[in-house]
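Engineer:
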Amino acid sequence: MSRPRRQHRRPQLDIDLSSRESLRNPQQTYRAIREAGSVVWLPRHRVWAMGRFADVRSTLKDDQRYSSSNISLNPILNPLARQGTLASDGEAHTRRRKVLMHSLAAKALVDAEPIIDRTADAVVEDLLTRPSFDGVKDFAARLPVSVVADLVGIPVTSDQLLRWGRDIFDSNAGIRNVRGWKTSLRSFSVFVYTARLRRSQMQSNGWAASVLDAADRGEIGPIEARNLIMDFAIPSLDTTLLATAEMLWSLGRQPEAWQALRRQPELVPAAVMESVRLASPVRFFVRTVTEDHDIDGVALHAGDRIATIFASANMDDAQFPEPERFSLERRGSHVGWGFGAHACVGMHLSRIEMTALLRAMLPRVEHIEVSGAQRLLNNGLQGHSRFRAAFRPVS
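Residue numbers (full-length UniProt numbering): 1 to 395.
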């Protein structure tokens, strides 16, 4: 007698991750995805969406069952990204990541810390002289943009690096809106630039030159080396900027948290981690299923694609009580920097920069005022595009 076939569920939501409403009010979209189940089919994108913390973390940890080879919803971007770290698996990913971590590991950044500290001091001192400032452009962007452009050591302005990063993330969700089309085309300029870049144009002690040195030693191929140059800057630049903006906004909106931090500066690491969780700058990346299996009664098949929505996972109240509140007492991990083998290579630099800004503020700033936040409209990123802020000095 044959065994009856198992019935599988197929939860489905008719939502568009790239719609103006989803970008302006993402929490409503994320909540609907979490409530629909562990995975839910999005017919408009022809992809599964995953929004619960436990599921997202488990998927990011299992790079055997879930491949990163097609990390984007954009069919134009995926082939271009496969020579980098984010869209590779196994031995190729390990080899490429090792080259990047030679410059980005915590120990490797020790020499850069004094420069970062001095720059952070200068930023805070300058902003204390102003009646008000733009919390994104004048505070959050200045340190990561100037530091990364200098450390990479290539002839490109910090503003251009930032535009490239935003274009690539904007094209990540595919070509479902005008921004997706335009940024997909502009993203080509990044790859053209690195392909044409000559060693003589690079600083001899910069990160870009170190990648070509690794290629000369046979650790990576020449095409890989060109892609890795931008892997230094683009994946971590906006994440730091947007998380730093969220840090300032949250501390301004919750003055009791800022005063607690001034009383207990040992909580600075907790403030940084909580800011990254709340910001969740990268909305999602895609994983491809490598073998048939079930998740919570939903059948997934090899070749299916899942959008692992970091920004939803970090607001899952099953993992984070009162998830929309900034809390210095919160413990446990989040996925704001990703998780597992593909965790953000720039997280150590990001942590150093955000810590430097807080430590520069603690003895100088008594009160933080913020108002008038506007959201960034980007298919792949989320956060503030601008808001007014003011520092009131310690008397």
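Positions of the beta carbon are idealized from the N, C-alpha and C atoms, including for glycine.
Under DSSP, the beta strand (DSSP E) around G372 begins and ends at which residues?
Structural biologist: Where G372 is concerned, the enclosing beta strand (DSSP E) stretches over V365 to R375.
Engineer: Is it buried or exposed, T129, if we count other Cβ atoms within 10 angstroms and call 16 or more buried?
Structural biologist: Under this definition T129 is an exposed residue.
Engineer: What did DSSP end up calling V39 once you bin it into helix, strand or coil?
Structural biologist: The answer is coil: DSSP assigns V39 none of H, G, I, E or B.
Engineer: For G37, is the classification buried or exposed, using 16 other Cβ atoms within 10 angstroms of its Cβ as the cut-off for buried?
Structural biologist: Classification for G37: buried.
Engineer: If contacts are defined as beta-carbon pairs under 8 angstroms, then Q203 and G153 qualify, I think. What distance do you get, rounded to the angstrom?
Structural biologist: Going by Cβ atoms, the distance from Q203 to G153 rounds to 3 angstroms, so yes, they are a contact pair.
Engineer: Given this structure, state the Cα-to-Cα distance separating E324 from A243, to the nearest angstrom.
Structural biologist: Rounded to the nearest angstrom, the two C-alpha atoms are 14 angstroms apart.
Engineer: Let me know the secondary structure DSSP gives I295 once reduced to three states.
Structural biologist: Reduced to three states, the DSSP call for I295 is strand.
Engineer: Find out if the Cβ-Cβ distance for the pair L73, A173 is shorter than 7 angstroms.
Structural biologist: In this structure, A173 lies closer than 7 angstroms to L73 by Cβ.
Engineer: Which runs of the alpha helix (DSSP H), 4 residues or longer, sit entirely within the stretch 183-235?
Structural biologist: Within the stretch 183-235, the complete alpha helix (DSSP H) runs of at least 4 residues are 207-216.
Engineer: Which residues bound the alpha helix (DSSP H) around V148?
Structural biologist: First-last of the alpha helix (DSSP H) with V148: R142 to V152.
Engineer: Less than 7 angstroms between the C-beta atoms of N378 and F169, yes or no?
Structural biologist: For N378 and F169, yes; Cβs fall inside 7 angstroms.
Engineer: Tell me where the beta strand (DSSP E) around W48 begins and ends.
Structural biologist: Start and end: V47 to M50.
Engineer: Count the other C-beta atoms from every protein chain shown that fall within 10 angstroms of the C-beta of R226, then say buried if there are 16 or more, exposed otherwise.
Structural biologist: It counts as buried.
Engineer: Which residue's Cα is closest to the Cα of G340: L86, S312, A49 and M361?
Structural biologist: Closest option to G340, Cα to Cα, is L86.
Engineer: How should S2 be labelled, buried or exposed, when 16 other C-beta atoms within 10 angstroms of its C-beta is the threshold for buried?
Structural biologist: With a pLDDT of 42 at S2, under the threshold of 50, the modelled position of that residue is not reliable, and the figure given next carries that caveat. Counting Cβ neighbours within 10 Å, S2 comes out exposed, since fewer than 16 surround it.
Engineer: Give the C-beta separation of V40 and L13 to the nearest angstrom, bearing in mind that I take them to be a contact with Cβ-Cβ under 8 angstroms.
Structural biologist: So it is a contact: roughly 5 angstroms between Cβ atoms.
Engineer: Say whether the stretch 381-392 touches the stretch 294-308, bearing in mind that this needs 3 or more beta-carbon pairs closer than 8 angstroms, one atom from each stretch.
Structural biologist: Result no; under three Cβ-Cβ pairs closer than 8 angstroms.
Engineer: Identify every residue that forms a DSSP beta bridge with G338.
Structural biologist: In DSSP, G338 forms a bridge with G336.
Engineer: The alpha helix (DSSP H) spanning F169 covers which residue range?
Structural biologist: S158 to D170 is the extent of the alpha helix (DSSP H) around F169.
Engineer: For T239 and P281, which I take to be in contact (beta-carbon distance under 8 angstroms), what is that distance rounded to the nearest angstrom?
Structural biologist: Sure, about 4 angstroms apart at Cβ, within 8 angstroms.
Engineer: Quick check on D16: does DSSP put it in helix, strand or coil?
Structural biologist: Coil at D16, not helix or strand.
Engineer: Alpha carbon to alpha carbon, how far is S18 from D167? Give it in angstroms, no decimals.
Structural biologist: Cα-Cα distance, rounded: 14 angstroms.
Engineer: Let me know the secondary structure DSSP gives I116 once reduced to three states.
Structural biologist: I116: helix per DSSP, three-state reduction.
Engineer: Quick check: what's the CA-CA separation for L55 versus R364?
Structural biologist: The sequence shown places Asp at residue 55, not Leu. Cα to Cα, the separation comes out at about 42 angstroms.
Engineer: Could you give the residue range of the alpha helix (DSSP H) that holds H348?
Structural biologist: M347 to M361 is the span of the alpha helix (DSSP H), which, as asked, contains H348.
Engineer: Please list the terminal residues of the continuous alpha helix (DSSP H) segment that includes S275.
Structural biologist: Note, S275: alpha helix (DSSP H), V268 to A279.
Engineer: Identify, in the order they occur along the chain, each residue of the same chain with its Cβ nearer than 8 angstroms to the Cβ of G180, setting aside the five sequence neighbours on each side.
Structural biologist: Only S18, N74, D170, S171, A173, G174 and N379 meet the Cβ criterion.
Engineer: Does DSSP classify F53 as helix, strand or coil?
Structural biologist: Of the three classes helix, strand and coil, the one that applies to F53 here is helix, per DSSP.
Engineer: I'd like to check one pair, D16 with R44: are the Cβ atoms closer than 7 angstroms?
Structural biologist: Yes. Within cutoff.
Engineer: Around the Cβ of S371, are there at least 16 other Cβ atoms within 10 angstroms (buried) or fewer (exposed)?
Structural biologist: Exposed, since its Cβ has fewer than 16 Cβ neighbours within 10 Å.
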